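Each residue of the sequence shown is one higher than the last, beginning at 990 in the numbering used here. We put the beta carbon where it would ideally sit given N, CA and C, even for glycine. Quick caveat, the model's predicted, so the values are computed rather than measured.
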Amino acid sequence: MALITETYLRTQLIKGLANPFPVTEGDKLTPAAADFLKERGIPLQRLASQSSGTLSLNLLPVGVSNRHVHLAPHHIDMLFGEGYQLTPLRELSQKGQFAAVETVTLKGPHGSLSNVRILGPSRGLTQVEISRTDGFELGVHPPIRLSGNLAGTPGITLVGPKGSVALPEGLIIAKNHVHASPDEAQILRLNNGDRILVQAMGERPVIFADVIVRVSPQYSLDFHIDRDEANAAHLTTGDTVQIIPKNAERRLR
990 MALITETYLR TQLIKGLANP FPVTEGDKLT PAAADFLKER GIPLQRLASQ
1040 SSGTLSLNLL PVGVSNRHVH LAPHHIDMLF GEGYQLTPLR ELSQKGQFAA
1090 VETVTLKGPH GSLSNVRILG PSRGLTQVEI SRTDGFELGV HPPIRLSGNL
1140 AGTPGITLVG PKGSVALPEG LIIAKNHVHA SPDEAQILRL NNGDRILVQA
1190 MGERPVIFAD VIVRVSPQYS LDFHIDRDEA NAAHLTTGDT VQIIPKNAER
1240 RLR
């Protein structure tokens, strides 16, 4: 039995999505995944015994986030010009979100980082997400926070082709977390706000503790980590990690 999610299908686009898409008896196709295939005119191919190569019911697809910026509309205007619209470069794992063609330069007290990708669409507040390693290069030491929790965080300067923005706050290291739709969460027996243990499977079987579960109809199943965490565990986008069952959690404590 396997769980076929929209996020999984998006990762397969890079390799070439099978058409028709193979599924075996007992596989669970989330509504978002079904819509994803339908929108692209890809039918299902029912297989009796052959494995479809999808996710088992205790596995999560990995999404590795490099440094990036979410911009409020007025900051887009300041950086790129009045009324400027971001140009989508590629879709991201979360439906409706995209990596933009546009980039900015981050300037800190002791260094800078150029060609930092902007993610769209625009948000109510500008937020900059970097790794701890990036912080050393910039000369800043932001806290680990969930997205949107910006109170009391350091600021940073953003430089674009038409101007610059000196943020008073909004710089974070993103806390690792799981995104899931309600259907995916139900299948995995997860609830919004759960804190779970997740283990990488490979040469470096790192255990990620206190991973927050975030459930919303707008989400697709994904385990989000930053570049430092991915390097430590030898993970790349499209890999899978394993949820540690609750009875195993108790033995680890």
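> Rounded to a whole number of angstroms, what is the C-alpha to C-alpha distance between Gln1207 and Pro1020?
Replying inline: For the purposes of this step, residue 1207 is taken as the residue at position 218 of the sequence shown. For the purposes of this step, residue 1020 is taken as the residue at position 31 of the sequence shown. In a straight line, the C-alpha of Gln1207 is about 12 Å away from that of Pro1020.
> Along the chain, where does the beta strand (DSSP E) that runs through Gln1116 open and close?
Replying inline: Start at 1 with the first residue of the sequence shown, and residue 1116 comes out as number 127. Taken as a continuous stretch (DSSP letters only), the beta strand (DSSP E) holding Gln1116 covers Gln1116 to Glu1118.
>> If you measure between the beta carbons of Val1200 and His1223, is that distance less than 9 Å?
In response: As a first step, residue 1200 is located in the sequence shown; it is residue number 211 there, counting from the start. As a first step, residue 1223 is located in the sequence shown; it is residue number 234 there, counting from the start. In this structure, His1223 does not lie closer than 9 Å to Val1200 by Cβ.
> Under the three-state reduction of DSSP, which class applies to Pro1143: helix, strand or coil?
Replying inline: As a working note, residue 1143 is residue 154 in the sequence shown. In the structure shown, Pro1143 sits in coil (DSSP, three-state: anything other than H, G, I, E or B).
> Are three or more beta carbon pairs between the stretch 1153-1170 and the stretch 1128-1143 nearer than 8 Å?
Replying inline: yes
> In three-state DSSP terms, what is Lys1096?
Replying inline: In the sequence shown, the residue the question calls residue 1096 occupies position 107. Looking at Lys1096 - three-state DSSP - the assignment turns out to be strand.
> Going by the CB atoms, is the gap between Leu1127 and Leu1095 shorter than 9 Å?
Replying inline: Taking the sequence shown and counting its residues from 1, the one referred to as residue 1095 is at position 106. Taking the sequence shown and counting its residues from 1, the one referred to as residue 1127 is at position 138. Yes, they are a contact pair.
> Where Asn1080 and Phe1087 are concerned, what is the direct C-alpha to C-alpha distance, given to the nearest angstrom?
Replying inline: Numbered from 1 along the sequence shown, position 91 holds the residue referred to as residue 1080. Numbered from 1 along the sequence shown, position 98 holds the residue referred to as residue 1087. A quick correction: the sequence has Glu, not Asn, at residue 1080. One C-alpha to the other measures close to 4 Å.
> For Asp1243 versus Pro1050, is the C-beta distance shorter than 9 Å?
Replying inline: Absent from the structure is residue 1243, since the part of the chain shown begins at 990 and ends at 1242.
>> Can you look up Gln1031 in the DSSP assignment and give me helix, strand or coil?
In response: Against the sequence shown, residue 1031 aligns to sequence position 42. The sequence shown places Ile at residue 1031, rather than the Gln named in the question. In this structure, Ile1031 counts as coil in the three-state DSSP scheme.
> Taking Cβ positions, are Ile1107 and Leu1156 nearer each other than 9 Å?
Replying inline: As a working mapping, residue 1107 is identified with position 118 in the sequence shown. As a working mapping, residue 1156 is identified with position 167 in the sequence shown. The answer is no: Cβ separation not under 9 Å.
> On the premise that Val1093 lies in contact with Val1058, defined as a C-beta separation below 8 Å, what is that separation, rounded to the nearest angstrom?
Replying inline: Along the sequence shown, one-based indexing puts residue 1058 at 69. Along the sequence shown, one-based indexing puts residue 1093 at 104. Yes, they are in contact, since the Cβ atoms of Val1058 and Val1093 sit about 6 Å apart, within 8 Å.
> Quick one, which of His1168, Asp1123 and Pro1062 has its alpha-carbon nearest Asn1180's?
Replying inline: Position 191 of the sequence shown, counted from the first residue, corresponds to residue 1180. That would be His1168, whose Cα lies nearest to the Cα of Asn1180.
> chain B beta carbons: is any one of them nearer than 9 Å to that of Arg1056?
Replying inline: Absent from the structure is chain B; it holds one protein chain and no more.
> Can Arg1216 and Ser1120 be called in contact, C-beta distance under 9 Å?
Replying inline: Against the sequence shown, residue 1216 aligns to sequence position 227. Against the sequence shown, residue 1120 aligns to sequence position 131. Against a cut-off of 9 Å, the Cβ pair of Ser1120 and Arg1216 comes out as a contact.
> Taking the runs of the beta strand (DSSP E) that are 3 residues or longer, which of them lie wholly in the stretch 1053-1107?
Replying inline: 1057-1059, 1077-1080 and 1087-1096
> Would you report the Cα separation of Arg1178 and Ile1145, rounded to the nearest angstrom?
Replying inline: As a first step, residue 1178 must be located in the sequence shown, where it is residue number 189. As a first step, residue 1145 must be located in the sequence shown, where it is residue number 156. So the two alpha carbons sit approximately 39 Å from each other.
> Around the Cβ of Ser1153, are there at least 16 other Cβ atoms within 10 angstroms (buried) or fewer (exposed)?
Replying inline: For the purposes of this step, residue 1153 is identified with residue 164 of the sequence shown, where counting begins at 1. With fewer than 16 other Cβ atoms within 10 Å, it is exposed.
>> My assumption, with CB atoms under 8 Å, is that His1213 sits in contact with Gly1085. Please give the rounded CB distance.
In response: The count along the sequence shown starts at 1 and reaches residue 1213 at position 224. The count along the sequence shown starts at 1 and reaches residue 1085 at position 96. Rounded, the Cβ-Cβ distance is 16 Å, inconsistent with contact.
> Count the other CB atoms within 10 Å of the CB of Ser1103; is the residue buried (16 or more) or exposed (fewer)?
Replying inline: To locate residue 1103, count along the sequence shown from 1; it is residue 114. Its Cβ having fewer than 16 others within 10 Å, Ser1103 is exposed.
>> Cutting at 7 Å between CB atoms, please list the residues of its own chain near Ala942, excluding the five before and the five after it.
In response: Examination of residue 942 is not possible in this model, given that the chain is present from 990 through 1242 alone.
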